[in-house]
Amino acid sequence: MHVADILFHGNGQPRAEVKTLIERTCRYFRLRHIFGQDGTQEWFGSIYLQFGFTQRGFAKMLPEWLMGYNQPNTIGRLLDDAEIKSESFKKLWEALLSYRRGNAAEAVTRRIVSGSPWVLPDWADELLVAAKKKPHLSPASYRSSSGEAGEAPRSFLSEPRLVVGGHLADAQWQIELAGLAEWDLKGASFCVRLRCGESAAQEVFLRKQADGSFSNLAHTFEFPLAKLKESQVSASITDQQGREVAAQEIHLFDPDADILAFSERGYLDDGFVKRGPRINGVYFVLVRAGLNLLPQPAEWHRFEGMGYKLQRLRFEAGQQLRVLFEDGAELWSNLSQSSSPAWTLSFSEQLRCNLATVSKEQAFNPDVKALKLEITGLEQATLKTASWRSFQLHVADDPCFEGNGQNWSELLGNAVEALENGRMPASIKVPKFEALLAQKLILNLAIERGDHAFRTKVECHVVIPGILEQSCGKATFGEFFTTRNNEQLKRGRYTIFPKSPTDEQLKRGLRWGLFEGDRFVSELREGSPQSLHDLGGYGQSLSIRLGQFNQEEKPTVLVGEVADRGLFQMRGDVNPFIGKDYTFDAWGTPEMGDEHALFYGSIHERATSEAAGQRLVFADDKAMFAPFPSQPCDYLVLAYAGVRLATWWRVPKNGDGESWSSNLAEIRDDVDARRAAFTIRWAKLPILSGHHYHQVKEFFHRFHHIVLGEWLCGCKERKDGRRIEGENTEAWHDAVRAIIQGYQIEHDQLGSESKQKLIQCLPSQPTDDVNAKTLDTFQAVGACDPVLMGRMIRWWKQTGAAQGVAGTMRALLLHGLETNETMMDKLQYDAPGVDDGFLESVIAVGVNA
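Structure representation (structure tokens):
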């Protein structure tokens, strides 16, 4: 008798003694098991819990399992069961899932797989191959969410999936991370931020783990349909410094589609309208709110914000589906043999729709809420109704020849031309902000010609150069804005419409870039809503220009001055009355605790500090002072544990010229100068604002060694508890460089004592190296302004302190100061025989020393 015959019955089931032995073994050794759970194959499931899956199983089914299809109960229990889940199995599974989605490199995944106790050593290659395979599913039941259906390259998001549970009203879109490995993220931490419309941004932080992978790669972003008003999601990835390293736009659905069908798994079936539904298929169908699906499903829900109705549909053989307009006209039927609707006008190609001239002129007027469009080419037909997406549009009875009264002869000429062509154009009004965001409008028109009624579609492109702001619950469109708070730019949504580049510029591949002052911030996402991050807010302008390096033409200014007031939200310049109750708008409602303090005073005097809760309360996004400090002050800062949260500063009002910067002229000694320089940096006062730039430049002129030392030193804390944290170093250096270049320190005009102070202006740790303080200064200045560093090094060399050129270069290299071609060009050596070749040889000697 074989051993198998002793252990198993003829049908392959284990004998009772074997089942009992398996249960006793699991309980005795406290192994994972499911004995005692009704409705389960206890012995079979308990054995599988010891190893998770087989080689034959994953080779055939791993792609489906990773996507949630036909996943064995064992895998689900190891991942999610509160009592028997395994963290090591979960780590393996998430690594395979991230690898399949393209979020992890092969080397990182192989390291995790090879170290997993759930995988045999020789399985690694086969497991990685299986994870990338396409699933064995029909097109009707599956559509890839990570690039297998021809997704655009360099995406880091999956295809949106419509997830519907027991109640249609609770339906939501889900988006996952996919393709992150292609972006080669090098830092230790990143923030992925998604935002749809006016809804709050959703964020997840990716942090580098010990095995080289990132945390939270399996995170799912959720967008409930009940809260949506638009379809476009703006996504970005920022590093620890707040710099944008990746960005993309993704649509949850096509807002111009009248009918959208999704499979039971939530993926778009883009062949539904042309092909019709599949027999016995279960669909979730989105139909425009003004349309009706017949026969009407028993279950449906209307989402007012989106302008669609969601319906659950099971299609049976021989069933006819029809989508009708409210007047009974048919838009679509699954039995129609035509690929295009039968109601399309034969002369629709003759129709033209353009933005009326008057709308271009009035687009920036805040009182104008609608844009006028002109429909031409109607011939003898009459436009009866027009709609766009969920909007029923106003059709004017009178032609839209109107203007500002300045050129009536031109308007009359247009009218005569239209009459000669057979008919005056029809006028349609569309909502301004929605049309600007869409840019391309697909209008549905109902037209009568004689006794016949027709329907057709016509496109209209609405593009007006400018900037559209969506902030604080309202939209504003303008050519540019005078001032904006940095916090507002980070929290709001801004859509920028630049003018069209020339053909020659397009051929050269020039792209629009976003600049703060002369500092490149990011490439521009034209026509897509985005929040504006990585700004300094020191009073510079925000502009766009073609090309990142060489300025092609005059920049297009979007914001005249960007300042950073932190949590204080002030519109315009505000000087509260001293000693009086005053209220600011605020970006949030923090609760005042023991660590919150107020610092205020004159710019050249010691700051007064007190517990913030004694006079400041936040409520309902308001900052209420009861009262504002009674002593005259140039600035007031709310800080937490010494770190700035919000700043108010005094501005010139009513022509008196008094402001925080005007008091810089009162400073007479180095002590007060050092105090003022730190306060400027800590409070983020707008040193480049047109109100303050000249006074700050003069202050720098008088105390250059003090100011430069405070502005570039790494010590960012004062004895009174004030400290600098989260500073955008690149933006701050750019602002300091603008002040340096605005003054242009000329060493030849400085005395020896002033020069010596300047080249040793940064504090240094005690050391036996007599040149340490000088070299620390060079290093800090070089990171901000290599031109100034070159001048300082040249003077230092001339003093003989570094014992000539070779000594200078060796000292710099041994001190760890990076030297490159740009910096060499700035050193301006004038000793006989010292050329670039000699300098390069000196560098080589220094490196090898």
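Residue numbers -5 to 843, in the working numbering, belong to the letters of the sequence shown in order. Glycine residues also receive a C-beta, built at the ideal position from the N, C-alpha and C atoms.
query: Which word fits Lys678, buried or exposed, when buried means at least 16 other C-beta atoms lie within 10 angstroms of its C-beta?
result: buried
task: Would you mind sorting Val(-3) into buried or exposed? The rule is 16 or more other CB atoms within 10 Å of its CB.
output: exposed
query: For Arg308 and chain B, any beta-carbon pair shorter than 7 Å?
result: Although the question refers to chain B, the structure presented lacks it and comprises just one protein chain.
message: Which complete alpha helix (DSSP H) runs does the stretch 237 to 270 hold, if anything under 4 residues is left out?
response: 266 to 269
- prompt: Quick one: what's Trp167 bridged to in DSSP?
  reply: Leu156, Phe217
field: Same chain, Cβ closer than 7 Å to Asn902, neighbours up to 5 away in sequence not counted
entry: Lying before the first or after the last residue shown, residue 902 is absent from the chain, which here runs from -5 to 843.
query: Does the distance from the CB of Trp790 to the CB of Ile753 come in under 7 Å?
result: yes
message: Quick check on Cys347: buried or exposed, where buried means 16 or more other Cβ atoms within 10 Å of its Cβ?
response: buried
- prompt: Where do the N-terminal and C-terminal ends of the beta strand (DSSP E) with Val424 fall, by residue?
  reply: 420 to 425
field: For Thr376, three-class secondary structure by DSSP
entry: strand
field: For Leu285 and Tyr488, the rounded distance between their alpha carbons
entry: 33 Å
field: Tyr277 - partner residues in DSSP beta bridges
entry: Ser257, Leu307
- prompt: Is Met564 helix, strand or coil when you go by DSSP?
  reply: coil
query: Would you call the CB atoms of Gly46 and Ile28 closer than 7 Å?
result: no
- prompt: Is there contact between the stretch 480 to 500 and the stretch 522 to 529, where contact requires at least three CB pairs shorter than 8 Å?
  reply: yes
field: Range covered by the beta strand (DSSP E) that runs through Glu704
entry: Premise fails: Glu704 lies in the alpha helix (DSSP H), 698 to 706, not in any beta strand (DSSP E).
query: Taking DSSP as the reference, what is the three-state secondary structure of Pro646?
result: coil
query: So who's on the other strand from Lys468, going by DSSP bridges?
result: Ser465
- prompt: Which residues share a DSSP beta bridge with Ile441?
  reply: Leu377, Phe448
task: Taking Cys20 as part of the alpha helix (DSSP H), name the residues at either end of that continuous run.
output: 10 to 22
Cβ-based burial, Leu114 [other Cβ within 10 Å; buried from 16]: exposed
- prompt: Would you call the CB atoms of Leu121 and Val102 closer than 7 Å?
  reply: no
field: Nearest candidate by alpha-carbon position, reference Lys548, set Phe509, Gly51, Leu56
entry: Phe509
message: Taking its Cβ as the centre, do 16 or more other Cβ atoms sit within 10 Å of Thr907, making it buried, or is it exposed?
response: Here the chain comprises residues numbered -5 to 843, so residue 907 is not present and cannot be evaluated.
task: Return the CA-CA distance between Ala292 and Asp248, expressed in angstroms with no decimal places.
output: 25 Å
- request: Classify Ala165 as buried or exposed, calling it buried when 16 or more other Cβ atoms lie within 10 Å of its own Cβ.
  value: buried
message: Just to confirm the assignment, what range does the beta strand (DSSP E) spanning Val456 have?
response: Neither: Val456 is in no beta strand (DSSP E) and is coded neither H nor E.
message: What would DSSP say about Val775, mapped onto helix, strand or coil?
response: helix
message: Do Phe697 and Ala725 count as a contact pair if the criterion is CB distance below 7 Å?
response: no
message: Please report the distance separating the alpha-carbon of Val267 from that of Cys454.
response: 24 Å
- prompt: Going by C-alpha distance, which of Ala580, Leu592, Gly582, Lys574 is nearest Phe622?
  reply: Lys574
- prompt: CA-CA distance, Gly301 and Leu171?
  reply: 28 Å
- prompt: Since Ile538 sits in a beta bridge, which residues does DSSP pair it with?
  reply: Leu508, Thr550
message: Measuring alpha carbon to alpha carbon, tell me which residue in Leu431, Val611, Cys778, Gly582 is nearest Arg513.
response: Cys778
- prompt: To which residues of the same chain is Leu60 closer than 7 Å at the C-beta, ignoring the five residues directly before and after it?
  reply: Leu90, Leu91, Arg94, Ala125
task: Using the Cα positions of Glu368 and Pro419, report the straight-line distance between them to the nearest angstrom.
output: 6 Å
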